[in-house]
Amino acid sequence: MSDGYAVRAEGLEKRYGEKRALDGFDLTVREGTVHGLLGPNGAGKTTAVRILSTLVRLDGGRATVAGLDVVRQPRDVRARIGLTGQYAAVDEVLTGRQNLEMFGRLFHLGGKRARLRATELLEQFALADAADKGVGAYSGGMRRRLDLAASMILAPAVLFLDEPTTGLDPRSRGEVWESVRALVAGGTTVLLTTQYLEEADKLASRITVIDQGRAIADDSPDGLKNRVGGDRIEVVLSERADIPRAVKVVARVSDGEPETDETELRVHAPVTDRVSALTEVARTLQDEGVPVEDIGLRRPSLDDVFLRLTGHRTETTEKEAAK
Amino acid sequence: MSALDLTGHPTRSRTYWVLADCWNIVRRGLTHYQRQPVNIAWQLGFPILSVLLYGYVFGSAMTVPGGGDYQDFLMPGMFVMTMAFGFINTATVVVYDSTKGVIDRFRSMPMASSAVVAGRGVTDLLVACAELGIMMLTAFAMGWRPDGGFGFLAAFGLLLWLRFALIWIGVWLGLLVPNPEAAGGLFAVAFPLTMISSIFVAPQLMPDWLGWVAAWNPISSTAAATRDLFGAPGATGDSWVEQHALLMAGVWPVILTLIFLPLAVRRFQKLSR
């Protein structure tokens, strides 16, 4: 049954009226890994997750999760998966403990094991102190952690995380990332959808980029970043006359060709050894007495990835640009 | 990861789990009331207030065709009105669960999906029993003295029967309206629909065409039938539907269920489209 893949999807099709939400989408996720599904709003990420978690029917193609067919064995699939994200929620009126006990009983653990499992998970997700408070009073991060805990009741083989940190502040985001790492250490396979390249980069060992319902790239985070050009060091100068000197300094730490922007007095180039490159350039420029307005590292964003892979920007940026 | 054995109970039958799942959803619904006592106060407060207001404010100004006490005429109508408004409660909970993703979570689990709706229905019927009990006690305190015995139980049963049929309208609407705020607007639809009936005023006192509509309003049959069973006759009109109130009080909920149960089920299945 197991062939080393927790998720296998071939040619998934899903139409909503005229719109093709998925248009021949392929995906393979290795067991025991975190796989990122990266794409802008409306690219088909959520539709893919909803099909794989048996919430919506597919119009074409086939998919297996944990070796089980999502169309023919939905109930078996449901016993092996967890789902957390924008669209699967916890009960806001009940307490954290009441939520986990209810879901435990609905996962057919029986009353006693459901209670024990709830206590166990509340500890594991650092919610023990708030266990008997109503979820309505939880912070965004706590709620998302409870959501994760509810998805983990049966220790699922595959966990779907649909934009788990969208709308969270940086601290809560970090807390959720911690929890996800702990789960993966325990052997769960995670399929993570996100709009943030940084998030996919931090958590995933492999990333599929999705655009207009199709997978347009499938690579390791490093491979993907290399295709985009990776991180860049960027120096903004005070004097136009210093540009050639800055180019020389930057070229020494860069593994690519420095580029210059004459109007903004900007010199930038790709780097791999980020921090030492930054200190090296800063020190050398200071030693040579070159006045600098700004210096820093710029990471490629989802937008850069898209521009490079598809030749068009993400829709959100297009809308913002149109304003 | 866990010290516990997390495998299910393969020995139990499918039916056992459908019932167990259903009971767990009921438990959730009842725990909501336990955690939000204010909601019970609102939900019970409205019927009590209605009994007091309509009983004392309108009570003196109203006449009942064929004689008889307006209070005896009004009280069964108030019970029917509370059952009728119940579909708003059902719709509100369903729209909340479906927009907040709770229903999706249930659907992603290996539980019986029919239990999500069935559990809601059982919870609503239990709440309806509590509402009726409190209203009847209030009415009794105001001097309402119904006939006891079998008639009383039959009337109680007919009221719950109507509420049962309205569960499906509530579920259907709950899955149809886009957000909880819109569910609040259902009251504006429900209010005139309950007014154009025999709840407050006998249809023969209305303009002909309106009286006809009121008489054929499904809730009018339940109102007339329960009035009779509680021992307050005398307000029955001549039309066929009014002459056969008891029969129609049994038949109307069947018709409503036959229409709206399939619609609700279809709407529920549409979630996977």
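Note that the protein sequences, when read in sequence, are chains A and B. Here the numbering used here is used: position 28 in the first sequence is 63, and no number is missing along the way. Here the numbering used here is used: position 262 in the second sequence is 279, and no number is missing along the way. We put the beta carbon where it would ideally sit given N, CA and C, even for glycine.
Exercise. For I272 (chain B), is the classification buried or exposed, using 16 other Cβ atoms within 10 angstroms of its Cβ as the cut-off for buried?
Worked result: Here residue 272 (chain B) corresponds to residue number 255 of the second sequence, with the count starting at 1. Exposed.
Exercise. Less than 8 angstroms between the CB of T201 (chain A) and some heavy atom of the ligand ZN, yes or no?
Worked result: Among the components modelled here there is no ligand, and therefore nothing to report on the ligand ZN.
For this session: With a 10 Å radius around its C-beta and 16 neighbouring C-beta atoms as the bar for buried, classify Q133 (chain A) as buried or exposed.
Result: Along the first sequence, one-based indexing puts residue 133 (chain A) at 98. Result: buried.
For this session: Out of A:V193, A:G96, A:K54, point me to the one whose CA is closest to R113 (chain A)'s CA.
Result: For the purposes of this step, residue 113 (chain A) is identified with residue 78 of the first sequence, where counting begins at 1. Of A:V193, A:G96, A:K54, the smallest CA-CA separation from R113 (chain A) is found for A:V193.
Exercise. Can you pull the DSSP bridge partners for A250 (chain A)?
Worked result: In the first sequence, the residue the question calls residue 250 (chain A) occupies position 215. DSSP, once it has assigned bridges, lists A:I245 as partnering A250 (chain A).
Problem set entry | the segment 94-107 of chain B in contact with the segment 55-72 of chain B per 3-pair CB rule at 8 angstroms | Judged by Cβ distances under 8 angstroms, the segment 94-107 of chain B makes contact with the segment 55-72 of chain B, as three or more pairs qualify.
Exercise. Do the segment 172-186 of chain A and the segment 201-213 of chain A touch if we need at least three Cβ pairs shorter than 8 angstroms?
Worked result: Yes, the segment 172-186 of chain A touches the segment 201-213 of chain A.
Problem set entry | Cβ-Cβ separation, G254 (chain B) to A219 (chain B) (assumed contact under 8 angstroms), whole Å | Here residue 219 (chain B) refers to the residue found at position 202 of the second sequence. Here residue 254 (chain B) refers to the residue found at position 237 of the second sequence. About 7 angstroms separates the CB atoms of A219 (chain B) and G254 (chain B); that is less than 8 angstroms, so the two are in contact.
Problem set entry | C-alpha gap between S273 (chain A) and T307 (chain A), whole angstroms | Within the first sequence, residue 273 (chain A) is the residue found at index 238, counting from 1. Within the first sequence, residue 307 (chain A) is the residue found at index 272, counting from 1. Rounded to whole angstroms, S273 (chain A) to T307 (chain A) spans 26 angstroms at the Cα level.
Problem set entry | For P305 (chain A), the residue or residues it bridges with in DSSP | Within the first sequence, the letter at position 270 stands for residue 305 (chain A). According to DSSP, P305 (chain A) shares a beta bridge with A:R267.
Exercise. In terms of residue numbering, what span does the beta strand (DSSP E) encompassing L194 (chain A) cover?
Worked result: Residue 194 (chain A) sits at position 159 when you count from the first residue of the first sequence. Unbroken beta strand (DSSP E) run through L194 (chain A): 193-197.
Exercise. Candidates B:T107, B:D225, B:F204: which alpha carbon is nearest A182 (chain B)'s?
Worked result: Counting from 1 along the second sequence, the entry for residue 182 (chain B) is found at position 165. The option with the nearest alpha carbon to A182 (chain B) is B:T107.
For this session: Might you give, ordered along the chain, the residues of its own chain that have their beta carbon closer than 6 angstroms to the beta carbon of I184 (chain B), omitting 5 neighbours on each side?
Result: Along the second sequence, read from residue 1 onward, the residue named residue 184 (chain B) stands at position 167. The beta carbon of I184 (chain B) sits closer than 6 angstroms to the beta carbons of T107, G138, D141 from its chain, once the five residues preceding and following it are set aside; these are given in chain order.
Exercise. Rounded to a whole number of angstroms, what is the C-alpha to C-alpha distance between Y113 (chain B) and L203 (chain B)?
Worked result: Position 96 of the second sequence, counting from 1, holds the residue named residue 113 (chain B). Position 186 of the second sequence, counting from 1, holds the residue named residue 203 (chain B). The C-alpha of Y113 (chain B) lies about 14 angstroms from the C-alpha of L203 (chain B).
For this session: Starting from V64 (chain A), follow the beta strand (DSSP E) in both directions and report where the run begins and ends.
Result: If you number the first sequence from 1, residue 64 (chain A) lands on position 29. Where V64 (chain A) is concerned, the enclosing beta strand (DSSP E) stretches over 54-65.
Problem set entry | Rounded Cβ spacing between R140 (chain A) and N234 (chain B) (contact assumed at less than 8 angstroms) | Numbered from its first residue, the first sequence carries residue 140 (chain A) at position 105. Numbered from its first residue, the second sequence carries residue 234 (chain B) at position 217. 42 angstroms between Cβ atoms; not a contact.
For this session: Out of B:E198, B:L190, B:T243, point me to the one whose CA is closest to L280 (chain B)'s CA.
Result: Sequence index remark: in the second sequence, residue 280 (chain B) carries index 263 (1-based). That would be B:L190, whose Cα lies nearest to the Cα of L280 (chain B).
For this session: Tell me whether T32 (chain B) is buried or exposed, calling it buried when 16 or more other Cβ atoms sit within 10 Å of its Cβ.
Result: The residue given as residue 32 (chain B) occupies position 15 in the second sequence. So T32 (chain B) counts as exposed.
Problem set entry | Residue nearest to T224 (chain A) in terms of C-alpha spacing, selected from A:L232, A:G131, A:A190, A:E234 | Walking along the first sequence from the start, residue 224 (chain A) turns up at place 189. Looking at the Cα atoms, A:A190 is the closest of the given residues.
Problem set entry | Buried or exposed by the 16-neighbour rule on C-beta atoms within 10 Å, applied to W59 (chain B) | By 1-based counting over the second sequence, the position of residue 59 (chain B) is 42. Exposed, by the Cβ-count rule.
Exercise. Does M36 (chain A) get closer than 9 angstroms to chain B when you measure Cβ to Cβ?
Worked result: Stepping through the first sequence from its first residue, residue 36 (chain A) is reached at position 1. Per-residue confidence for M36 (chain A) stands at a pLDDT of 46, beneath the threshold of 50, marking its modelled position as unreliable; the derived number appears in the next sentence. For M36 (chain A), the answer is no, since every Cβ of chain B falls outside 9 angstroms of its Cβ.
Exercise. Under a three-way DSSP split, which group does D114 (chain B) fall into?
Worked result: Taking the first residue of the second sequence as 1, we reach residue 114 (chain B) at position 97. In the structure shown, D114 (chain B) sits in a helix (DSSP, three-state: H, G or I).
Exercise. What do you get for G120 (chain A), buried or exposed, if any count of 16 or more other CB atoms within 10 angstroms of its CB means buried?
Worked result: One-based indexing of the first sequence puts residue 120 (chain A) at position 85. Result: buried.
For this session: Give, in chain order, every residue of the segment 115-140 of chain B whose Cβ lies closer than 8 angstroms to some Cβ of chain A.
Result: Residues of the segment 115-140 of chain B with a C-beta atom less than 8 angstroms from some C-beta of chain A are K117, G118, V119, D121, R122, F123, R124, S125, M126, P127, M128, listed in chain order.
For this session: Would you mind telling me which residues of chain A sit closer than 7 angstroms to N41 (chain B), beta carbon to beta carbon, in chain order?
Result: Here residue 41 (chain B) is taken as the residue at index 24 of the second sequence, counted from 1. Chain A residues near N41 (chain B): M137, R140, L141.
For this session: List the whole-angstrom C-beta distance separating A44 (chain A) from L62 (chain A), where the pair is believed to meet the contact cut-off of C-beta under 8 angstroms.
Result: Walking along the first sequence from the start, residue 44 (chain A) turns up at place 9. Walking along the first sequence from the start, residue 62 (chain A) turns up at place 27. Confirmed, Cβ separation roughly 4 angstroms.
For this session: Can you give me the Cβ contacts of A357 (chain A) inside the same chain, cut-off strictly under 6 angstroms, excluding the 5 residues immediately before and after it?
Result: As a working note, residue 357 (chain A) is residue 322 in the first sequence. Caution is warranted here: a pLDDT of 44 is assigned to A357 (chain A), below 50, making its placement in the model unreliable, and the coordinate value is therefore given only provisionally. Nothing listed; no residue qualifies.
For this session: Please work out which residues of its chain come closer than 6 angstroms, Cβ to Cβ, to E53 (chain A), disregarding the five sequence neighbours upstream and downstream, and give them in chain order.
Result: Numbered from 1 along the first sequence, position 18 holds the residue referred to as residue 53 (chain A). Cβ neighbours of E53 (chain A) beyond the five flanking positions: none.
Problem set entry | Rounded straight-line distance, which links the Cα of D236 (chain A) to that of T82 (chain A) | The count along the first sequence starts at 1 and reaches residue 82 (chain A) at position 47. The count along the first sequence starts at 1 and reaches residue 236 (chain A) at position 201. D236 (chain A) has its alpha-carbon roughly 22 angstroms from the corresponding atom of T82 (chain A).
Problem set entry | Per-residue contacts from V128 (chain A) into chain B (C-beta, under 7 angstroms) | Here residue 128 (chain A) refers to the residue found at position 93 of the first sequence. Those are H49, R52, Q53, listed as they occur along chain B.
Exercise. For T352 (chain A), does the three-state DSSP call read helix, strand or coil?
Worked result: Against the first sequence, residue 352 (chain A) aligns to sequence position 317. No answer about T352 (chain A) holds up, because its pLDDT of 49 lies below 50 and its placement is not dependable.
For this session: Give the residues of chain B in contact with L118 (chain A), contact being defined as C-beta atoms less than 8 angstroms apart.
Result: Here the question's residue 118 (chain A) lines up with position 83 in the first sequence. Correct list: D121, R122, S125.
Problem set entry | Those residues which DSSP pairs with R150 (chain A) across a bridge | Position 115 of the first sequence, counted from the first residue, corresponds to residue 150 (chain A). According to DSSP, which records beta bridges pairwise, R150 (chain A) is partnered with nothing at all.
For this session: From the DSSP output, read off the bridge partner residues of H49 (chain B).
Result: By one-based count along the second sequence, residue 49 (chain B) stands at place 32. DSSP output for H49 (chain B) lists no bridge partner at all.
Exercise. If we cut at 9 angstroms on Cβ distances, does T82 (chain A) have a partner in chain B?
Worked result: As a working mapping, residue 82 (chain A) is identified with position 47 in the first sequence. At a cut-off of 9 angstroms between beta-carbon atoms, T82 (chain A) makes no contact with chain B.
For this session: Using 10 angstroms around the beta-carbon of G39 (chain A), count the other beta-carbons present and answer buried if the total reaches 16, otherwise exposed.
Result: Residue 39 (chain A) sits at position 4 when you count from the first residue of the first sequence. Result: exposed.
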